[in-house]
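In this text, residue positions in the sequence shown follow our numbering: the first is 7, and each later residue adds one. I have placed the structure first, in the form of structure tokens, so that the comments after it can refer back to it.
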Amino acid sequence: MQPFTRLTATAVPLRAENVDTDQIIPARFLTAVTKEGMGDGLFYAWRYHRDGTPKPDFVLNQPQYAGAQVLLAGRNFGSGSSREHAVWALTEYGFRAVITPGFADIFYNNSLKNGLLPVALPEATVNMLLDLVEEEPETEITVDLENQVVVLPDGQQLPFEIDPFRKMCLLNGVDDLGYLLSKNDAIAAHEAQPAY
7 MQPFTRLTAT
17 AVPLRAENVD
27 TDQIIPARFL
37 TAVTKEGMGD
47 GLFYAWRYHR
57 DGTPKPDFVL
67 NQPQYAGAQV
77 LLAGRNFGSG
87 SSREHAVWAL
97 TEYGFRAVIT
107 PGFADIFYNN
117 SLKNGLLPVA
127 LPEATVNMLL
137 DLVEEEPETE
147 ITVDLENQVV
157 VLPDGQQLPF
167 EIDPFRKMCL
177 LNGVDDLGYL
187 LSKNDAIAAH
197 EAQPAY
């Protein structure tokens with residue numbers, strides 16, 4: 007997993023609420039057990055017509071948002087089934103952070119465990135960011151995990167909350183297993199102590 011410390015990037019404004027995991031990655035793309043290629047299925051029904059041609063009006067198909075690494079969206083992002091593939095699709099497409107007024111709990115936790123930073127900000131703030139990025143697609147937003155702030159081009163800082171353990175994992179680029187393996191020597195030393 008790639009460490010996440012500070013990201014400065016453009017953003018994609020997805021004006022949609024209650025985006026569920028089946029919309030993020032339709033079930034027909036869940037046949038693989040690896041992350042590779044998941045980005046191809048991201049928002050597939052919204053990105054493509056039935057014949058596979060791109061829908062030019064969908065935001066991910068608009069050239070001004072190409073290469074963006076931050077996704078802005080409406081509240082209750084990631085609702086629905088608990089598929090981890092939804093996070094894989096977002097990260098394989100190139101997103102490193104998602105900013106919304108709120109996330110479904112399972113999606114939020116899956117994001118943290120897979121290197122995607124979920125940032126919850128007040129709805130009015132997210133709407134302001136959506137407006138800003140729609141008006142000026144070249145706008146770069148900084149997501150600073152160490153200081154737990156989103157920084158706007160004018161220097162305005164928007165604080166966000168994150169669990170300290172999950173923050174440490176993201177900063178170091180380790181998942182749960184990686185963290186446990188990093189403590190292997192301490193675990194072995196503890197197990198070697200006599201039981202009382």
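Note that CB positions come from ideal geometry on N, CA and C, so glycine has one too.
In three-state terms, what does DSSP make of residue i?
{"i": "T97", "result": "helix"}
{"i": "S188", "result": "helix"}
{"i": "P32", "result": "coil"}
{"i": "A130", "result": "helix"}
{"i": "D26", "result": "strand"}
{"i": "R12", "result": "strand"}
{"i": "I193", "result": "helix"}
{"i": "D150", "result": "strand"}
{"i": "I105", "result": "strand"}
Suppose contacts are defined by Cβ-Cβ distances below 8 Å. Is residue i in contact with residue j by that definition?
{"i": "P159", "j": "P128", "result": "no"}
{"i": "Y126", "j": "F109", "result": "With the sequence shown as reference, residue 126 is identified as Ala, and Tyr is not the correct amino acid for it. Contact flag set, yes."}
{"i": "V93", "j": "S117", "result": "yes"}
{"i": "L48", "j": "Y114", "result": "no"}
{"i": "V18", "j": "L96", "result": "no"}
{"i": "T27", "j": "G84", "result": "yes"}
{"i": "L122", "j": "V104", "result": "yes"}
{"i": "V6", "j": "A79", "result": "A question about residue 6 goes unanswered here, because the residues of the chain that appear run from 7 up to 202."}
Leaving out five residues before and five after residue i in sequence, what residues of the same chain have Cβ atoms less than 8 Å from its Cβ?
{"i": "E152", "result": "T11, R12 and L177"}
{"i": "F166", "result": "V125, A126, L127, Q154, V155 and V156"}
{"i": "G43", "result": "E98"}
{"i": "D169", "result": "L118"}
Would you mind sorting residue i into buried or exposed? The rule is 16 or more other CB atoms within 10 Å of its CB.
{"i": "Q75", "result": "buried"}
{"i": "M174", "result": "exposed"}
{"i": "V39", "result": "exposed"}
{"i": "L135", "result": "buried"}
Spatial neighbours of residue i within its chain, please: C-beta separation below 6 Å, excluding the five flanking residues on both sides.
{"i": "A179", "result": "For clarity, residue 179 is Gly in the given sequence; the question names Ala instead. These residues qualify, in order along the chain: M7, Q8 and P9."}
{"i": "D181", "result": "M7 and K119"}
{"i": "K41", "result": "W94 and E98"}
With a CB to CB cut of under 7 Å and the five nearest residues on each side skipped, what residues in its chain are close to residue i?
{"i": "S188", "result": "V180"}
{"i": "E146", "result": "T14, A15, T16 and P159"}
Touching or not, the stretch 52-69 and the stretch 80-93, by the rule of three or more beta carbon pairs under 8 Å? no
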